[in-house]
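As structure tokens, the structure follows; a few thoughts come after it.
There are 2 protein chains.
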Amino acid sequence: MRWARFESNGQPSYCVIEGDTVIPVRGSPFEAWERTPERLRLADVKLLVPVVPPTFYAAGMNYAEHVMEVAEKLGRKPDLPPNADAGYRTVNALIAQGETIMIPADATDLVQYEAELVVVIGRRCKHLTRENALSAVLGYTIGNDVSERTWQKSDRTLWRAKNTDTFKPMGPWIETDVKLEDLKTTVRLNREEKITFETNKMIHGVIDFLVNMTTCLTLYPGDVLWMGTEGATANMKHGDICEIEITGIGTLTNPVVREGLGQP
Amino acid sequence: MRWARFESNGQPSYCVIEGDTVIPVRGSPFEAWERTPERLRLADVKLLVPVVPPTFYAAGMNYAEHVMEVAEKLGRKPDLPPNADAGYRTVNALIAQGETIMIPADATDLVQYEAELVVVIGRRCKHLTRENALSAVLGYTIGNDVSERTWQKSDRTLWRAKNTDTFKPMGPWIETDVKLEDLKTTVRLNREEKITFETNKMIHGVIDFLVNMTTCLTLYPGDVLWMGTEGATANMKHGDICEIEITGIGTLTNPVVREGLGQP
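Those protein sequence lines, which keep their order, are chains A and V. With this note's numbering, letter number 1 in the first sequence gets 26, and the count goes up by one each step, no holes. With this note's numbering, letter number 180 in the second sequence gets 205, and the count goes up by one each step, no holes.
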């Protein structure tokens, strides 16, 4: 099942997507809901980010090759994370399917995509076990953890490197029927394939994070956890189109514009 | 003017507080609002955290003596922050005036208060200037940035050290009429004064943060920014009462319980 949010008379509304058909619902996937009789064409609606999370968690470094790559770029020793310690990103930076990644005028050319699986929490939970952890997951979507690498090197908290407005594309929708071990992530820049990797080949997996995090914190409906990215990443420049596909979920597509250069 | 939130028939509702009188309002301080004719006694209402922030920012290290103290505790070289780079805390950890700080059973004895001024953003804003930055502030409240010091040393992201459930008391209300340069912060543990400091003697002040942050991110109504703490901090133990007073705002009071030890 595919959950999305779209703009309906200027207001956000949840919907179910079946093929190219959008079925608006009353309510939300996190509470009671029912289908309305209305039917729309997917091409005719403006999708929003599929959820605005109460807390926006991010695994950070969570794939072995990416840890090596980033360490080399930053001139540091690679440091594999010993624990599933979640970090944070911020909602100001979220943009939806099709919206523009805006590179600030003062950013360097080192603005790069990071293709990530996103876990969407479905219910309030604490003290999850390895056995029941996945039952707290509503479904999965796709995130692009856009990063300015020079700011990543200099920022004490990554606030600007990772959380500049428009640096967190997320979508297009939440897919509830997912087999993690079957997923493949592919990044394309202007239709050219840059990398393909097994999505679930993480250092610490979804279950590891959910169990570890909920030892001491409560997760809430709509919280998201971005799972990190693999391998080398490349620069995105004015006029590029960045696509991230995760098989079985969909494709997140966003154009890239550099501030001050006008429309590409 | 004092804005608070309280529980009304199981639902959160904004109110204005005048002396010991609670005046419920329709709406919120972030949009249109009006006073209702109802009047309640402050002693009779359950206060909630005064706002649930879309993003929960924290200055982190932002007072010179505290930087020295923490460096010594962690066995590191003191490192004054060169820029007003904001970090993050999380909403799961928020508790209100009077609610209990719950120390997890597996925490060490090094669970400590940190008394902080909290800035509450009143309107959507970006590219603030030194001249107009404070016009984006609705008002100020008080935060206790409870921290487990051994986890702070070992966590890659401070997720557990700082964001364990109940580790972020905030309140009791938002005071809109504040002269930053007049404020004094005092911490009392079981009525014994532990420290008093000039609240505004920060390394990077409120205006510095708001101007720097909004160079690349949009702040939203209800976002909060915790400004850091000064000096040495002490352990809180089962049965303690922690009070943080900031003159002109109020006093945030929370009891402390260690999990598994029952009621003090």
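Backbone N, C-alpha and C define an ideal beta-carbon position, used for all residues, glycine too. Nothing here was measured: the structure is a model prediction, and the numbers come from that model.
Residue i in three-state terms, based on DSSP
i: V/Ile269; result: strand
i: A/Asn237; result: helix
i: V/Leu183; result: coil
i: A/Asn188; result: helix
i: A/Leu242; result: coil
i: A/Ile48; result: strand
i: V/Lys219; result: strand
i: A/Glu94; result: helix
i: A/Ala121; result: coil
i: A/Ile146; result: strand
i: A/Leu163; result: strand
i: A/Ala83; result: strand
i: V/Val41; result: strand
i: V/Lys226; result: coil
i: V/Arg60; result: strand
i: A/Ala259; result: coil
i: A/Ile199; result: strand
i: V/Thr175; result: helix
i: V/Val77; result: coil
i: V/Ile126; result: strand
i: A/Val249; result: strand
i: V/Leu231; result: It is worth fixing the name first, because residue 231 of chain V is Val in this sequence and not Leu. V/Val231 falls in the helix class under three-state DSSP.
i: V/Glu206; result: helix
i: V/Leu105; result: coil
i: V/Leu65; result: strand
i: V/Val116; result: helix
CB contact below 8 Å: residue i versus chain V
i: A/Thr80; result: yes
i: A/Cys267; result: no
i: A/Cys40; result: no
i: A/Tyr245; result: yes
Residues of its chain near residue i, where Cβ-Cβ distance is below 7 Å and the 5 sequence neighbours each way are ignored
i: V/Leu235; result: Leu153, Ala158 and Ala161
i: A/Thr258; result: Gln137, Tyr138 and Glu139
i: A/Ala186; result: Ser172, Glu173, Trp176, Gln177 and Asp180
i: A/Arg213; result: Lys219 and Glu268
i: A/Glu90; result: Glu255 and Gly256
i: A/Ala121; result: Leu72, Leu73, Val74 and Gly196
i: A/Val144; result: Val162, Tyr165, Val231, Val249, Leu250 and Met252
i: A/Ser33; result: Pro49
is_contact[residue i, chain A] using C-beta, thresh 8 Å
i: V/Leu342; result: Outside the shown range of chain V (26 to 289) lies residue 342 of chain V, about which nothing can therefore be said.
i: V/Cys150; result: no
i: V/Glu285; result: The sequence shown places Gly at residue 285 of chain V, rather than the Glu named in the question. No - not a single Cβ of chain A is within 8 Å of the one on V/Gly285.
i: V/Leu242; result: yes
Sequence-distant residues of its chain with Cβ nearer than 6 Å to residue i (five each side left out)
i: A/Glu270; result: Thr211 and Thr276
i: V/Met238; result: Ala111
i: V/Arg30; result: Pro37, Tyr39, Leu73 and Pro75
i: V/Gly264; result: Pro289
i: A/Asp233; result: Ala109
i: A/Pro49; result: Ser38, Cys40, Thr61 and Glu63
i: A/Leu205; result: Asn225
i: V/Gly52; result: Trp58
Residues near residue i by beta carbon distance below 8 Å, same chain, minus five either side
i: V/Tyr245; result: Pro79, Thr80, Ile146 and Arg149
i: V/Asp134; result: Asn260 and Lys262
i: V/Thr46; result: Arg64, Leu65, Arg66 and Leu67
i: V/Tyr88; result: Phe222, Lys226, Met227, Ile228, Gly253, Thr254, Glu255 and Gly256
i: A/Asn169; result: Ile126, Tyr138, Glu139, Ala140, Glu141, Lys193, Pro194, Met195, Cys267, Ile269, Leu277 and Asn279
Residue-chain proximity (residue i, chain B), Cβ-Cβ < 8 Å
i: A/Pro106; result: Chain labels in this structure do not include chain B; the protein chains are A and V.
heavy atom of the ligand PLP below 7 Å from residue i C-beta
i: A/Glu97; result: Looking for the ligand PLP in the displayed structure turns up nothing, as the structure carries no ligands at all.
Are the stretch 274-287 of chain A and the stretch 104-116 of chain A touching by the rule of at least three beta carbon pairs closer than 8 Å?
no
Mind checking the stretch 171-201 of chain V against chain A and listing, in chain order, the residues whose C-beta falls within less than 8 Å of any C-beta there?
Asp180, Arg181, Thr182, Trp184, Arg185, Asn188, Thr189 and Asp190
Check whether the stretch 54-67 of chain V and the stretch 204-222 of chain V are in contact - that is, three or more C-beta pairs closer than 8 Å.
no
Scan the stretch 109-136 of chain A for residues whose Cβ lies nearer than 9 Å to a Cβ of chain V and list them as they occur along the chain.
Asp110, Ala111, Gly112, Tyr113, Arg114, Thr115, Val116, Asn117, Ala118, Pro129, Asp131 and Ala132
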